Amino acid sequence: MTASELTMPSRRALIGGASKTLSVAGLAMIVSGCSYAAAPTSAGATSQDVEILNAAIALEHEGIAAYQIAATSGLLQPAVVEIGVTFQGHHKGHRDLLIKAVEQLGGTATEEQSQDHYVEALGVASLKNQEDVLRLALKLERGAANAYLGLIPSLGNDFHQVAAQMAGDEAFHAAILASALGESIPKAPLMFG
Amino acid sequence: MGTKASTWVGIGLTTTVIGGILLANGSQSQQQTRHVAGNVAEIAPSIPSLALPVTMAAASNHAAAGKKLYQAKCGACHSLDKNRVGPRHRNIVGKRAGTVSGFRYSNALKKSKLTWTAKNLDAWLANPSKLAPGTSMGFRLTKADERSAIIAYLKSVSRKAK
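Quick look at the structure:
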């Protein structure tokens, strides 16, 4: 895949085919690959989940945009772009699952912001070479792994496993990026969370 | 994968040394220190004349530890000077919650009437939805020493806290 193929489809197009009939528990079962019954939740708890999941969607929007900007920056070697596109695909997968979850809960998923917003918010103007880009990506991925782990206690039980799975993906990305940047392997366990 | 692997793994590993927290002044004979991995030293000066510099050094170390934690724990959503997933944080200590310009807050925070004191920040980081039910921030930082260090860092970048 080339950088020119990375243009994001609209959110509506991405979610247009999403089933509207799955229960929250059903969604969680699909996402996590296990079967269990969801406990009844209060309206307040559901609303709280929607708020938190929407923040996670915003996080994924930013990550997707970051890889888009990086891939089209001209600062990366082609092989690095290819890996970045793969990582971006993971984030798109996260986003789509989170959007589906919010909609199943009766909420409205937060929209992505403009590319200009992300360019400004991420300080893209200061990126001068491939290493700068990789360091930004590492910071975002490491932070995202911690973010998902840190929000698990605030989420309803149905979303614990999927949040942990997403944290695992982010930790995988962070490990690859840290290795590419020559960072030493952490000596202490429990590197995230 | 050969090309990708050579590109990514071919970048040589370098060893970085992550040192412990060193005090700018004094020695072990002049003060009692307790170092905990990943935490900030607790210092009890035994010589009164050294109390101020030792306290300042400790505060500086605490904030420095907090800066690293901030980047690792908060950096996915926040930065000092840009509104991102969350609002920017420079000058956040002492500021009324829900009032950073240009950021779209949840109603929960806009209506909270909280001021970001150290105490409120600690409660917020421990369990945001307990302090402001309905907030979109779900991240909880369970370790009190990490919360303390991050708050020290936020104080160090806030005018009203100095």
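Order-wise, the sequence lines are chains X and F.
In this text, residue positions in the first sequence follow my numbering: the first is 401, and each later residue adds one.
In this text, residue positions in the second sequence follow my numbering: the first is 18, and each later residue adds one.
Just so you know, even glycine gets a beta-carbon here, dropped at the ideal spot from N, CA and C.
Just so you know, these numbers come straight off a predicted model, no measurement behind them.
First through last residue of the alpha helix (DSSP H) which encompasses residue i
i, result
"P478 of chain X", "P478 to Q504"
"D678 of chain X", "Residue 678 of chain X is absent from the structure shown; chain X starts at 401 and stops at 593."
"G444 of chain X", "A443 to A471"
"A509 of chain X", "Premise fails: A509 of chain X is in no alpha helix (DSSP H) and is neither H nor E."
"S146 of chain F", "P145 to L148"
"A125 of chain F", "N124 to K127"
Helix, strand or coil at residue i [DSSP, three-state]
i, result
"T132 of chain F", "strand"
"R113 of chain F", "strand"
"V174 of chain F", "coil"
"A547 of chain X", "helix"
"K587 of chain X", "coil"
"D558 of chain X", "helix"
"H106 of chain F", "coil"
"I60 of chain F", "Note that I60 of chain F scores a pLDDT of 44, beneath 50, so its modelled location is shaky and nothing firm can be said."
"R101 of chain F", "coil"
"N529 of chain X", "coil"
"K160 of chain F", "coil"
"G83 of chain F", "helix"
"A180 of chain F", "One cannot answer for residue 180 of chain F here, as it falls past the ends of chain F, which runs 18 to 179."
"M566 of chain X", "helix"
"H95 of chain F", "coil"
"T152 of chain F", "coil"
Close-in-space but distant-in-sequence residues of the same chain around residue i (CB under 6 Å, 5 per side omitted)
i, result
"L498 of chain X", "L453, A456 and I457"
"G119 of chain F", "N100"
"A509 of chain X", "I457, I499 and V502"
"R542 of chain X", "A574"
Close-in-space but distant-in-sequence residues of the same chain around residue i (CB under 8 Å, 5 per side omitted)
i, result
"Y548 of chain X", "A456, A563, A564, M566, A567 and E570"
"L158 of chain F", "K90, L142, A143, R164 and I167"
"K177 of chain F", "N108, V110, G111 and K112"
is_contact[residue i, chain X] using C-beta, thresh 8 Å
i, result
"S165 of chain F", "no"
"R107 of chain F", "no"
"A93 of chain F", "yes"
"P120 of chain F", "Note on residue identity: the sequence assigns Phe, not Pro, to residue 120 of chain F. So, not an interface residue."
"R101 of chain F", "yes"
"P104 of chain F", "no"
For residue j and residue i, believed in contact at Cβ under 8 Å, the rounded distance
i, j, result
"A470 of chain X", "V533 of chain X", "5 Å"
"A149 of chain F", "T132 of chain F", "Not really, about 13 Å apart at Cβ, beyond 8 Å."
"H106 of chain F", "L171 of chain F", "6 Å"
Cβ-based neighbour list, residue i, same chain, cut-off 7 Å, excluding 5 preceding and 5 following
i, result
"A544 of chain X", "L459, G463 and E570"
"L475 of chain X", "L527, N529, Q530 and V533"
C-beta neighbour in chain F for residue i, strict 8 Å
i, result
"A455 of chain X", "yes"
"N546 of chain X", "yes"
"P553 of chain X", "yes"
"Q468 of chain X", "no"
Residue i: CB within 7 Å of a non-hydrogen atom of the ligand GTP
i, result
"A470 of chain X", "With respect to the ligand GTP, the structure offers nothing, as it holds no ligand at all."
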